[in-house]
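Quick note: the sequence shown, position 24, residue 31 per my numbering, numbers continuous.
Note that the Cβ used here is the ideal one computed from N, Cα and C, for glycine as well.
Encoded as C-alpha cells, the structure appears first; notes follow it.
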Amino acid sequence: MKSFAHKGRLGVAAAGMAGLLLVGCGSGSGSAGSESAAAIMTSDSTETPSTTVSSEDASSTVPSSMGVERASLVAEAELLAPNGERIGTVDFAVDGSVVTVTAKVNNLPPGFKGFHLHSIGRCEPNSVDPNDPSKTGNFLSAGGHLGADNAAHPGHQGDLTSLQVRGDGSAELVTTTDAFDMDAVLDADGSAVIVHAGPDNFGNIPSRYAPAGPDAKTQATGDAGDRAACGVVRAITS
Numbered sequence: 008m009k010s011f012a013h014k015g016r017l018g019v020a021a022a023g024m025a026g027l028l029l030v031g032c033g034s035g036s037g038s039a040g041s042e043s044a045a046a047i048m049t050s051d052s053t054e055t056p057s058t059t060v061s062s063e064d065a066s067s068t069v070p071s072s073m074g075v076e077r078a079s080l081v082a083e084a085e086l087l088a089p090n091g092e093r094i095g096t097v098d099f100a101v102d103g104s105v106v107t108v109t110a111k112v113n114n115l116p117p118g119f120k121g122f123h124l125h126s127i128g129r130c131e132p133n134s135v136d137p138n139d140p141s142k143t144g145n146f147l148s149a150g151g152h153l154g155a156d157n158a159a160h161p162g163h164q165g166d167l168t169s170l171q172v173r174g175d176g177s178a179e180l181v182t183t184t185d186a187f188d189m190d191a192v193l194d195a196d197g198s199a200v201i202v203h204a205g206p207d208n209f210g211n212i213p214s215r216y217a218p219a220g221p222d223a224k225t226q227a228t229g230d231a232g233d234r235a236a237c238g239v240v241r242a243i244t245s
C-alpha cells in the first residue's frame, strides 16, 4: 500500500509540473505562445499560401512579337469573295522589323488554304492577269506574289503561313514575319491579300515525282489553286 501511495503522489506531482511547463511556455513571449497553440490546433486545415502573378507581370515576360498588343496597327484589308461578299479581315501591326499579320475569315470550304500577299492592290473579279494578258480569272488583277521577281516560292516576301479553315467555314491566324516591311506593301501600286481555294505545297515536290525539281508554276504559286478571296491592303490613318 505504501508503494502504491508513493507512486500515486509521484504521478500527481509529474502532472502538476507538466501543467506548469505548458503555462510557462504559453505566457513566456506574449501572444507567441497562443499563436503557436493555434497553429498546432489548426495545422490540418491550414492551406499552403499561393503566389499570385498579375497579368501585367506575366505580360512583361512575353516578347512583343508574340502578339499585337505592343505593336502598332498600321494597315488592314477587307477580304471579299468574287461575288462581293465580305468574308473576313486581315490586320497588319508593326513592332520594329517584325510584322504581325492577323487574319479572321468565314464562309470558306474547310481545309488548308494558301495565303499570300500579292504585288498589286487591285481586287477585281474576272480580271486580266497583268503578267499574262491572255489569262483572265477572279482577282488576277492583284498580280503575282510580293517579291516573286527575287526568289522562287516559298521564298517570296509575300509568302505567309496557310490558313486552316474549320468545319464551320471559319479560320483565324496570327503569324509574324520579317520578310517584308510595310513600305513595300503600301507602295505606289499597293498590295493585296489573297486566300486561295486550295492548299499551298510551298514548292515541296519530292524528286521521285519531279526529278528535275518543281516547275515554273509551282515555284510561282505553290499550286494553291484559284483565288477565293481578295483584300486590298490600306493604311490606317489616325
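Item, Value
"With C-beta atoms as the reference, is residue 210 less than 7 Å away from residue 218?", "no"
"Cβ of residue 207 within 7 Å of Cβ of residue 151?", "no"
"If you draw a straight line from the C-alpha of residue 78 to the C-alpha of residue 181, how long is it?", "13 Å"
"To the nearest angstrom, how far is it from the Cα of residue 165 to the Cα of residue 223?", "17 Å"
"Would residue 198 and residue 124 be called neighbours here (beta carbons separated by less than 7 Å)?", "yes"
"Tell me where the alpha helix (DSSP H) around residue 143 begins and ends.", "Per DSSP, residue 143 belongs to no alpha helix (DSSP H); it is in the beta strand (DSSP E), 139 to 144."
"Sort 167, 179, 176 and 231 by Cα distance to residue 185 and report the nearest one.", "167"
"Which one or two residues does DSSP pair with residue 98 in a beta bridge?", "83 and 109"
"Determine the closest residue to residue 102 out of 114, 93, 84 and 80, with distance taken between C-alpha atoms.", "80"
"Taking the beta carbon of residue 145 as the centre, do at least 16 other beta carbons fall within 10 Å, making it buried, or is it exposed?", "buried"
"The alpha helix (DSSP H) with residue 190 in it runs from where to where?", "189 to 192"
"Please list, in chain order, all residues of the same chain as residue 92 whose beta carbon is under 8 Å from its beta carbon, the five residues on each side excluded.", "114"
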